[in-house]
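For reference, the structure is listed below as structure tokens.
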Amino acid sequence: MALALSLHAAGIGDVDVYESAAAIRELGVGINLLPHSVRELDELGLLDELLATGIPTAEYVYYSKRGQPIWRETLGLASGYHWPQVSIHRGELLGVLHRAVRERLGPRHIHPGHHLTSFGHDQHGVWAEFVDRATRTPAGRIEGDLLVACDGIHSTVRRAFYPLEGPPKWNGVTMWRGVAAGAPFLSARTMINAGSSRQRAVVYPISKVYEDQGRALINWVATLRSADSRPMPPQDWTYAADRAQVLAAFAAFDFDFLDVPDLIQRTETIYQYPMVDRDPLPPWDFGRVTLLGDAAHPMHPVGGTALRRPFSMPAS
């Protein structure tokens, strides 16, 4: 969706988005948009809607597994950036992008229910064939000038160019994720990282609507590094975890400012996923076909929790 908006902004209007899922649904949990990504969305005219939806996270605090403060730093505008850091529900971010694509390109340029099965390209153009995964029936053959594959860490296009690469690589860390409503904690715009590289909880608010009501919609991520000999958990973003297993692992993360076990207990659905990535590719551009996002360079999802030194980004 972001690519379609960027191409449209560059004057390329004949852009179509083919989505594997049967419908565009606002699913998932929280995500952090760091200032450099907010800058790009601001240039697409989406900053006001982002700030009306998510939280401009103001500070980041490290705690020990016993809730003892270790390090505190400001984020976003308070750190000298020209753009905020925005914590937002992933589904609501997709909603912001989806609505903008519908308004600017038109709904006829969005095609759900199209799962890519094969493609080809030559000096004249590209073609792609799709199926409807729900019915396993053909969904059509499309021709165009360029094919950009944004089809994720299990990319069909990437596998065609690198058929011997194998599955993603697991680093031994299992992630549990969820969202629960609760009372604001600390500054009400704080992200915390409690624990260690072996076991930690990352927690932050993600909803301006809840904030306006004096409440908080809280996103939490709990990670645990297990023995290398254990089998990798299923690689399915919709895989629901065993609540008792997560509670047992994080029972001690009950701090005077935030009760993490209570968040886990009150979460409707807890998602489990292994922390995986892939090795860098030599190229990800192949003439009229290219890869983008996780299809090109999947990385561990820790960008929002890395220790950063504040610096000033130049205005665009």
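So the sequence shown is residues 6 to 321, counted in our numbering. Ideal Cβ placement from N, Cα and C applies to all residues, glycine included. Since the model is a prediction, treat every value here as computed from it, not as a measurement.
Please state the DSSP three-state secondary structure of residue i.
| i | result |
| --- | --- |
| Lys174 | strand |
| Glu64 | strand |
| Gly35 | strand |
| Gly81 | helix |
| His94 | strand |
| Leu55 | helix |
| Thr112 | Contrary to the premise, residue 112 reads as Pro rather than Thr in this sequence. Helix. |
| Arg293 | coil |
| Phe260 | coil |
| Asp241 | coil |
| Val131 | strand |
| Val20 | coil |
| Pro40 | helix |
| Asp156 | coil |
| Pro319 | Residue placement at Pro319 is poorly supported in this model, since its pLDDT is 42, which falls under 50; the coordinates still yield a value, given next. Of the three classes helix, strand and coil, the one that applies to Pro319 here is coil, per DSSP. |
| Arg107 | helix |
| Ala4 | Residue 4 lies beyond the range of the chain shown here (6 to 321); nothing can be said about it. |
Just to check my reading of the structure: residue i and residue j have Cβ atoms closer than 8 Å, yes? What is that Cβ distance to the nearest angstrom?
| i | j | result |
| --- | --- | --- |
| Ile197 | Tyr68 | 6 Å |
| Glu24 | Pro117 | 5 Å |
| Gly200 | Val34 | Contact doesn't hold; Cβ gap of about 19 Å is too wide. |
| Trp181 | Ala227 | 5 Å |
| Ser327 | Leu296 | What is shown of the chain runs 6 to 321, which leaves residue 327 out entirely. |
| Gly187 | Ala221 | 6 Å |
| Met6 | Leu99 | 7 Å |
| Leu39 | Cys155 | Not really, about 20 Å apart at Cβ, beyond 8 Å. |
| Leu51 | Val20 | About 17 Å; that fails the 8 Å criterion. |
| Ala185 | Ile223 | 6 Å |
| Val162 | Val294 | 7 Å |
| Arg146 | Trp88 | Rounded, the Cβ-Cβ distance is 41 Å, inconsistent with contact. |
| Ile36 | His103 | No, Ile36 and His103 are not in contact; Cβ-Cβ is about 15 Å, not under 8 Å. |
At which residues does the beta strand (DSSP E) containing residue i begin and terminate?
| i | result |
| --- | --- |
| Gln204 | Gln204 to Pro210 |
| Gly145 | Thr142 to Gly149 |
| Phe124 | His120 to Asp127 |
| Gln270 | Looking at the DSSP string, Gln270 is not in any beta strand (DSSP E); the run it does join, the alpha helix (DSSP H), is Val265 to Arg271. |
| Asp282 | Tyr276 to Asp282 |
| Gly200 | Thr195 to Gly200 |
| Leu191 | No beta strand (DSSP E) contains Leu191, which DSSP labels as neither H nor E. |
| Arg230 | Ala221 to Arg230 |
Quick one: what's got a C-beta closer than 6 Å to residue i's C-beta in the same chain, skipping five residues either side?
| i | result |
| --- | --- |
| Leu229 | Thr179, Gln204 and Ala254 |
| Ile158 | Pro173, Asp299 and Pro303 |
| Phe190 | Phe262 and Leu263 |
| His119 | Tyr23, Phe135 and Ala144 |
| Pro306 | none |
| Arg194 | Ile60, Thr62 and Ala63 |
| Leu169 | none |
| Lys70 | Gly200 |
| Thr272 | Gly183 and Ala185 |
Got a sec, what are the start and stop residues for the alpha helix (DSSP H) residue i sits in?
| i | result |
| --- | --- |
| His11 | The residue asked about is misnamed: residue 11 is Ser in this sequence, not His. That run of the alpha helix (DSSP H) goes Ala7 to Ala14. |
| Gln250 | Arg248 to Ala254 |
| Val307 | Segment: none, Val307 is in no alpha helix (DSSP H) and carries neither H nor E. |
| Arg163 | Thr161 to Phe166 |
| Asp217 | Lys213 to Asp217 |
With a CB to CB cut of under 8 Å and the five nearest residues on each side skipped, what residues in its chain are close to residue i?
| i | result |
| --- | --- |
| Pro266 | Leu252, Phe255, Ala256, Phe258 and Asp259 |
| Ala83 | Ala63 and Glu64 |
| Gln167 | According to the sequence provided, residue 167 is Tyr. The question's Gln does not apply to it. Contacts found: Leu286. |
| Thr142 | Val136 |
| Leu49 | Ala7, Leu10, Ser11, Ala14 and Ala105 |
Spatial neighbours of residue i within its chain, please: CB distance less than 7 Å, with the 5 preceding and 5 following residues excluded, ordered by chain position.
| i | result |
| --- | --- |
| Gly292 | His126 |
| Gln270 | Leu252 |
| Leu80 | Thr62, Ala63, Glu64, Tyr65 and Gln90 |
| Ile17 | none |
| Met237 | Trp175 and Pro279 |
| Gly27 | According to the sequence shown, residue 27 is Ala rather than Gly. For Ala27, where only same-chain residues beyond five positions count, the Cβ hits under 7 Å are Pro117, Gly118 and Ala139. |
| Trp289 | Thr295, Leu296 and Ala301 |
Query raised in the report: Hey, is the segment 93-103 in contact with the segment 68-77, meaning 3+ C-beta pairs nearer than 8 Å?
Result: no
Query raised in the report: Okay, do the segment 277-294 and the segment 137-145 touch, 3+ Cβ pairs below 8 Å being the bar?
Result: no
**Report entry** Cβ contact check for the segment 148-155 and the segment 239-258: 3 or more pairs under 8 Å
**Finding:** no
Query raised in the report: Would the segment 206-222 and the segment 48-63 be scored as touching if the rule is three or more Cβ pairs under 8 Å?
Result: yes
Query - Touch test, the segment 12-20 against the segment 99-111, Cβ-Cβ under 8 Å, three pairs minimum - result: A contact is defined here as three or more CB-CB pairs under 8 Å, and the segment 12-20 meets this definition with respect to the segment 99-111.
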